[in-house]
Amino acid sequence: MWRRILALVRKEFLALLKDPKSRLVLVVPPLVQLLVFGYAATFDLRQVPIAVLDEDRSAASRELLAAFGAGTTFVKVAELGSAAEIAPLVDRRRVLAVIRVGPRFADDLLSGRPAPVQVVIDGRNSNTAMVALGYVRSTVERFNAGWRASRGLAAPPARLEMRAWFNPNLESRWFFIPGIVGMLTLVVTMLVTALTVAREREQGTFDQLLVTPLRPGEILLGKALPGFVIGILQATLIMVVARAWFGVPFLGSLAAFYAGLALFLLSGVGAGLLISSLSATQQQGLLGAFLFMVPAVILSGFATPIANMPEAVQLVTYADPLRYFLIVLRRVFLEGAGFALVADQLWPMAVIGAVTMSLASWLFRHRMY
Amino acid sequence: MSAARGGSAMRLRGLLRKEFLQIVRDPSSIAIAFLMPVFLLALFGYGVSLDAEDVPIALVQDAPSRDGADFLASLRGTPSFAPRDAASMAEAERLLREGTVSGIVRVPADFPRRLREASGAPVQVVVSGVDANTARLVQGYVEGAWGNWLAARAARQGQEAATPVDLQPRTWFNGELRSRNYLVPGLVAIIMTLIGALLTALVMAREWERGTMEALMVTPASMTEVLLGKLGAYFVLGTGGMLLSVAMAVWLFEVPLRGSFWVLWACSSLFLLAALGMGLTISTLARSQFVAGQVAIIATFLPAFLLSGFIFDIGAMPPVVQAITHVVVARYFVAIVQTLFLAGDVWAVIVPNAAALAIMAAAFLAITWRKSRKRLD
Amino acid sequence: MTASDAILEAAGLTKAFATGDRRTVALDAVSLRVRPGVVTGLIGPDGAGKTTFMRLAAGLLAPDAGRIAALGLDATRDSLRVQASLGYMPQRFGLYEDLSVAENLALYADLQGVAPAERPARYAELMHMTGLAPFTKRLAGRLSGGMKQKLGLACTLLRAPRLLLLDEPTVGVDPVSRRELWAIVERLVRGEGMSVLLSTAYLDEAERCAEVVMIHEGRILEQGPPSAVSARLAGRTWAVARAGTRHRDLHAELDGRPGVVDALVQGEHVRLVAAAPGLPPDVAAMPGLAAREVPPRFEDGFIDLLRQRQPAVARAARMDGGAAAAGAADGVVIEVKGLHRRFGDFRAVDGVDLTVRRGEIFGLLGANGAGKTTTFRILCGLLPASAGQVEVAGLDLRRAASAARARIGYMSQKFSLYGNLDVAQNLAFFAAAYGLAGAERAARIAWAVEEFALAEHAGQLAVDLPLGYKQRLAMACALMHRPEILFLDEPTSGVDPLARREFWKRINALARAGVTILVTTHFMEEAEYCDRLAIMAAGRILATGEPAAIKALARTAANPEPSLEDAFIALVERPAEAA
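So this is what it looks like as structure tokens:
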């Protein structure tokens, strides 16, 4: 029996990798995508383009505005002469924010009244707007602290002591790169599995397989193993690049990582084969792959937290294997989790894998066309 | 021979009718064009939100005190948090490590005493930095709540907290900073990229595999006519899907449409041409449905999702990656729809992006046209 | 004949294709002229370059050297104008299966610029001619193979081209539809003065052409009227029989003897083509043989021409059958009772009973869509039956353990192979899939490579193989594990006469070794090889029996010695007339 399965696996590998173009499709895009996406996926802003409108033109206002030009956080794109110039700049997305210092700024400040400074922010991308606003706020905070210190004013009576575990600088890249590892692994398993059965059905070779002594379970195993092996290799490579190139810490246990990966691949390959054995044509297989992959990514909590989703949608996410794998990845990478901490994420993936695999193998023989 | 205009119009009409008939006969095209936008928009429209609401946090009070309880009560009232009480810091840390809560607010035992000291740092905030974005939002919310509480307390005691510079933010276009307002228009662009490519990625390859291409080639119909027929039919279908998506965005998700509908319609048309052109290019170059399918999976969804500015700001990416985003069709359309929906007809945004779309569409169609000569070798 | 006479003229036409690192010359300096107003046949084995020639003529390919002119226009440079004025029906005619008959016609009428005013009359004429009038609303995908070909032809004829190119129009088409297609073509030539160039693998069709062009490995062997080809064989064709010997066994004895160019089973005797006039001495010396001279056919001449260039594989097929098979005591291996299969409200198989004994070659004949393939798929366990009993080697294959499947071999219509694996990899895979290992596997693969002469193609991708080699490889794969029962679904469809002869030689050897063979076919002359036949139509079996008995059913005063094809047509058309 193992010999037969081995032959099938060999054949699947040959069919996937014999053509140099197919080899290229499986190896190069995921690596390139990791590099590109790794840099692209971040909520941290750099060099936020701003404009300033100084209606006061005092030493104090200059000092405040100089604080915005100091670091690399902001890039001063323009100095405006009048309030009328604000709208065109913001409308055209030339600047993300405009800092407007009113004419009585120095008077207020020196007389100890709160001196208002207006910041106009482009809210089209609300997340960017909030992050940028945070940067503006902390720049102003620093100015305030400096002002108080130099004037000998009292500090506010108490302040908060902030600490961030696992990711002290709150680099959002650390959050996204493990997610990208999961996403790319999903895409690769779909590439390898979603069209294979449909293609064999279209070519008639699937019938040929069914009349051999191979059992549906054996065919399933033969079809699943290549996706499994390619997925493991691919994910390992991507993990190494994430660690070495992007410097994302890998603190947890390798065993926990591979356990999570294996079970995720089981469920992903199962879903791919289920889609494939449901489809009579490759067109349907492709459609199915998208209908699974797109929601699986969006609902996994990759970019937007699951906790923010409505109750009903949260229920749907329990069927998404990527959801569990992302948690495993982030815990293993950043939190240094071992087996015990990810165990509760492992069994749902095993269940999804078992269900999809058995359905797929049943459909091998029972799907009529 | 009458290779006259009339003949060409007749052939084109015949090809268009054929494509429409095929679309009507094959429910999967209809499903792609109409069911997919509804399904995906409904799922994402409700599922995707970056606004932290009901973030689970643990509250720890080392020793009971009136001031401490008062501050923690102010956290309970906000819609941002779903707080729960933890008996000890150790328990809270366990909850944080398990992922049950995203942050801890701890009021230490000496809170009432140190509150009166000038140097004191009485409240500890610990967040899980794994999701840096949520962490930052939690920090921001707690900071805000702390500031309000201090101000309220100072007011009660007749003092005024001196703030040298008072920042007054004015958010334009999206006053309440509702993330759905910018995500939903972006989603329309992502979904239409998928649909455009999916509709056409396999159609040329299918004609090759089924042998109908050879039969078309020996008729007087030129390749341009064959391509126009396909483009025309799927364009109409895609426009239908687009109108449906816009309608859902406006009426279901209540995203304001501040720009002109006709400008949106014109830009969408350009974008559809580019997306369909991309699918046709994949299909023409691959000639086999299997390879075309693989390329479509790789080249459409993730790039559109991550590199279009839909969720991640393109301005925040390194210059090299920014340069790469220029080949992503969705990028231009995301910029246009976000502006049209939230800001209005800002020509300075619309014109260059629309021009880029037109160039991309022309490029894809030119590649397809060049590669589909009427020869079999 | 001057140059202007020819409606299609090629001079020094050369075309080569590169697949991977190997370069195949499809056409090698071909020069020919096609006369107007007649049917010209383009005859040759697979890979001879017939399709390449057709495509060059239609301007779909550009030649590497030489030129080709159709209707006085250069087909390469003026391809659009040529395409506008000739009609071309490719091998797989591009019907849109999800469009109805009328919609397909309307599409091609638009594409060919048929004026709307002329259409109703033209449609009616074509529908009447092809007999498709009652089916105009049916989707093309739901038509039978023969009807599809006729619709394809109708679409090509919409604008009544002066030159019609037909690339193997009758492949996979049942005899009834084949006759109808030919009737249409002959009417066009006689009635409308159309010129037709037609390629075919059916050599009996060549005799209906006014002129034939024989092409082999990209070169022209001969051009002339078919009678000229057969005339050369005067005195060399014989019908041989021996009392008490089955014709199949006699054929095996005669084939490959010195002086014998070709031998094939025909009716109750073996048809023999001698290398020289007169009965070969080696054959004449055999005792008890009754031989009589018969008139030569085109096929004889064609095989003779080919054999001069490509000697027969002189190997006596080494076919070892399965192990001593278990089975019922009376030797019944396949037993089918009251088999039904419905797809929706369509009854694909409607009450079939069959009994096949060990070592029998059992033929299943029927028009396209008669239910043959469905019956096969049920027998192999690929489809469940809606009702009825099926036992193969005493087992129901759908429920049987996987070991039982090791006892059958199945070769599907499409020669299902892994196109992106090479020949050796396909063999190795199927050997292992059937559980062969170690020395046994190596031995079986070596046997397959030698027996089917696959050595020189071992490294070639299956998808790039010529059709005849695909068929050999598919058969080698199906025989890898020495099955007791072999299912062959249209095993020779589209395969050239030489490959068909080799194929039947192997089948005969297998049957003699005790393997039971179930085969479907459209070639009536092949049905003669079967021990027993069943003729199917509309999901039912119309008649079962030995070929002679079936033929006897069609015997009438007008046709005292009907061929199997006559019998088939008579049987199939009878219920239609009654209805």
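Chains as they are written, first to last, in this note's numbering: chain R, 1317 to 1685; chain A, 5 to 381; chain E, 2 to 580.
All C-beta atoms in this analysis are idealised placements derived from N, C-alpha and C, irrespective of residue type, glycine included.
Straight-line spacing of the CA atoms in residue 206 of chain E and residue 567 of chain E works out to 15 Å. The beta carbon of residue 268 of chain A sits no closer than 7 Å to any beta carbon of chain R.
Inclusion of residue 1481 of chain R and residue 92 of chain A in the CB contact set at 7 Å is not warranted, their separation being larger than that value. Contact between the region 230–241 of chain E and the region 188–199 of chain E is absent, with fewer than three C-beta pairs closer than 8 Å. Counting along the chain, residue 1390 of chain R sits inside no alpha helix (DSSP H); it lies in the beta strand (DSSP E) bounded by residues 1390–1396. Residues of the region 1356–1381 of chain R with a C-beta atom less than 8 Å from some C-beta of chain A are 1356, 1357, 1358, 1359, 1360, 1361, 1362, 1363, 1364, 1365 and 1380, listed in chain order.
Contact between the region 469–482 of chain E and the region 445–458 of chain E is established, with three or more Cβ pairs separated by less than 8 Å. Per the coordinates, the alpha-carbon of residue 34 of chain E lies some 26 Å from the alpha-carbon of residue 308 of chain E.
Where residue 263 of chain E is concerned, the enclosing beta strand (DSSP E) starts and stops at 261–267. Burial of residue 211 of chain A is indicated by the presence of at least 16 other C-beta atoms within 10 angstroms of its C-beta. The distance from the Cβ of residue 1614 of chain R to that of residue 1635 of chain R is about 13 Å, inconsistent with a contact at the 8 Å cut-off. Bridge pairing for residue 392 of chain E: E:336 [DSSP]. Taking the CA atoms as reference points, residue 53 of chain E sits about 23 Å from residue 226 of chain E. For residue 87 of chain A, DSSP records a beta bridge to A:61.
For residue 1437 of chain R, the chain A residues whose Cβ falls inside 8 Å of its Cβ are 173, 174, 175 and 176, in order along the chain. Between residue 1521 of chain R and chain E, the shortest Cβ-Cβ separation is below 7 Å.
Interface criterion not met: the Cβ of residue 1343 of chain R is under 7 Å from no Cβ in chain E. Put simply, the CB of residue 1661 of chain R is far from chain E, with every gap to its CB atoms at 7 Å or more. Residues of chain E whose Cβ lies closer than 9 Å to the Cβ of residue 1597 of chain R do not exist; the shortest such Cβ separation is about 12 Å. When the Cα atoms are used, residue 351 of chain A and residue 362 of chain A turn out to be separated by approximately 16 Å. Here residue 346 of chain E is exposed: its Cβ has fewer than 16 other Cβ atoms, across all protein chains shown, within 10 Å. Separation of residue 266 of chain E and residue 484 of chain E (C-alpha to C-alpha, rounded to the nearest whole angstrom) is 25 Å.
Among the residues facing chain A, residue 1535 of chain R is not included, as its CB has no counterpart in that chain under 7 Å away. Annotation: residue 468 of chain E to residue 459 of chain E spans about 15 Å, alpha carbon to alpha carbon.
Under a 10 Å Cβ-count criterion, residue 1570 of chain R is classified as exposed, with fewer than 16 other Cβ atoms of the shown protein chains found around its own Cβ.
Under the three-state reduction of DSSP output, residue 241 of chain E falls in the strand class. Residue 295 of chain E: not part of any beta strand (DSSP E); DSSP gives it neither H nor E. For the region 283–307 of chain A, the set of residues with a beta-carbon nearer than 7 Å to any beta-carbon of chain R comprises 293, 294, 297, 298, 300, 301, 302, 305 and 306, in chain order. With a threshold of 16 other beta carbon atoms within 10 Å, residue 194 of chain E falls short and is exposed. Taking C-beta separations shorter than 6 Å and ignoring five residues to either side along the sequence, the partners of residue 1391 of chain R in its chain run 1363 and 1365, following chain order. Below the 8 Å Cβ cutoff, chain E contributes no neighbours of residue 197 of chain A, its closest Cβ being approximately 27 Å away.
No residue range can be given for residue 302 of chain A, since it is assigned to no alpha helix (DSSP H) and is classified by DSSP as neither H nor E.
DSSP places residue 535 of chain E in the uninterrupted beta strand (DSSP E) bounded by 533–538.
DSSP places residue 316 of chain A in the coil class of the three-state scheme, outside both helix and strand.
With contacts defined as CB atoms closer than 7 Å, residue 521 of chain E and residue 490 of chain E qualify as a contacting pair.
For residue 409 of chain E, the pairing in a beta bridge is given by DSSP as E:486.
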